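Shown next, in structure tokens, is the structure this report addresses.
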Amino acid sequence: MNFGQAVNSSLIKKYSTFKGRACRAEWWYFLLFSFLVSLLVSTVTVFFTFGSVDWEYVATLSEDNAATFILNSDFGTSIKVVSIILALALFLPGFAVTVRRLQDLDLSYYWSLPYLVASGISIYITIAPSAVESMVRLDAFGNLIVIIYCLIFLRKGDYDDNRFGPSPLELEEDTY
1 MNFGQAVNSS LIKKYSTFKG RACRAEWWYF LLFSFLVSLL VSTVTVFFTF
51 GSVDWEYVAT LSEDNAATFI LNSDFGTSIK VVSIILALAL FLPGFAVTVR
101 RLQDLDLSYY WSLPYLVASG ISIYITIAPS AVESMVRLDA FGNLIVIIYC
151 LIFLRKGDYD DNRFGPSPLE LEEDTY
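In my numbering, the protein residues as written are 1 to 176.
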């Protein structure tokens with residue numbers, strides 16, 4: 001499966017499909033696609049809203065006040081809105097491909113619950129950013145969960161059929 005097939009499978013054909021299995025390439029390419037889209041959308045948003053902040057005034061503020069000022073400006077608001085829309089748009093296909101990837105490893109969907117919690121934490125921190133120590137710890141916890149999943153998903157799936165269906169590597173090309 002190549003990049004285009006993986007994105008097509010994750011975002012169009014199996015957008016909200018939790019049955020079946022997803023090969024390593026589908027999950028990793030979806031992760032790469034999500035990162036690249038986030039980077040592109042953030043760059044475009046910054047490009048069009050960067051001038052709305054009075055940076056000379058921000059330079060006179062303390063670090064905490066500057067962060068609050070930027071977050072409450074049009075610049076910060078547009079970044080938050082775009083980030084929330086993107087996170088919500090990619091949440092369902094990301095969760096679905098994660099469940100299917102776990103099933104490829106012959107693990108039940110219950111193993112996806114920590115990933116669901118990490119995604120929820122990430123979306124919550126995007127909506128209500130704060131430098132409070134507990135929020136920083138929550139974000140670190142969410143990042144740790146994602147790293148653990150990345151390590152788990154390096155494993156090859158079963159080549160044979162398992163309780164979740166046939167191997168995704170054996171499916172015909174026109175499936176994607």
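Glycine residues also receive a C-beta, built at the ideal position from the N, C-alpha and C atoms. None of these values were measured; they are calculated from a predicted model.
- The beta carbons of Ser83 and Thr126 sit about 5 angstroms from each other, so the pair counts as a contact at 8 angstroms.
- Shown here for Gly76: same chain residues with a beta carbon closer than 7 angstroms to its own, the five before and five after excluded, namely Ile70 in chain order.
- Between Ile152 and Asp139, the C-beta gap is not smaller than 8 angstroms, which leaves the two residues out of contact.
- Three or more Cβ pairs drawn from the stretch 15 to 32 and the stretch 92 to 109 lie within less than 8 angstroms of each other, which places the two stretches in contact.
- Counting the other Cβ atoms within 10 Å of the Cβ of Val7 gives 16 or more, which makes it buried.
- One thing to note: Ala67 has its Cβ no nearer than 8 angstroms to the Cβ of Ile123.
- Residue pairing for Gly51: DSSP places it in no beta bridge.
- Inside the stretch 133 to 161, DSSP marks whole alpha helix (DSSP H) runs of 4 or more residues at positions 133 to 152, from first to last along the chain.
- Of the other Cβ atoms in all chains shown, fewer than 16 fall within 10 Å of the Cβ of Phe47; this residue is therefore exposed.
- Closest in alpha carbon position to Ala96, among Asp161, Ser167, Ser112 and Glu63, is Ser112.
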